[in-house]
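Numbered as in the numbering used here, the sequence shown ends at 87 without a single skipped number.
Data first, discussion second: the structure below is written as structure tokens.
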Amino acid sequence: MTDSAAIAGDPGAAVQDTALNGAQVSSLLDIIDKVTQKTMSPDTAKLLIGMAFPLLDQKTIDDMVDAAAGFTPAVAEPTP
């Protein structure tokens, strides 16, 4: 059974069937970084992540994006 809905709803599904690969993780981090840097709106990020990563549930997407939207990156002190 390789149907996305079946895998997402099956707690016994093999990890490799549901885990993101390195390129997918990098893409997801890029979207989250754009939200953190305020170059992409949270709503756009949520829609994009939902389309690109259909196995992620909406609550997980909302939690990630909302946390990124509220995050303020540390500013590095210039070295003298």
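We put the CB at the ideal spot given by N, CA and C, even for glycine.
Nothing here was measured: the structure is a model prediction, and the numbers come from that model.
Take Leu35 and list the residues in its own chain whose beta-carbon comes closer than 6 Å to its own, dropping the five residues that flank it on each side.
No residues qualify anywhere along the chain.
Between Val82 and Asp73, what straight-line distance do the alpha-carbon atoms span, to the nearest angstrom?
If I take the Cα positions, the gap works out to 21 Å.
Under 8 Å, do Pro80 and Thr43 count as touching if we go by C-beta distance?
Cβ distance < 8 Å, so Pro80 and Thr43 count as in contact.
Assign Val82 to one of three DSSP states: helix, strand, or coil.
Correct three-state label for Val82: coil.
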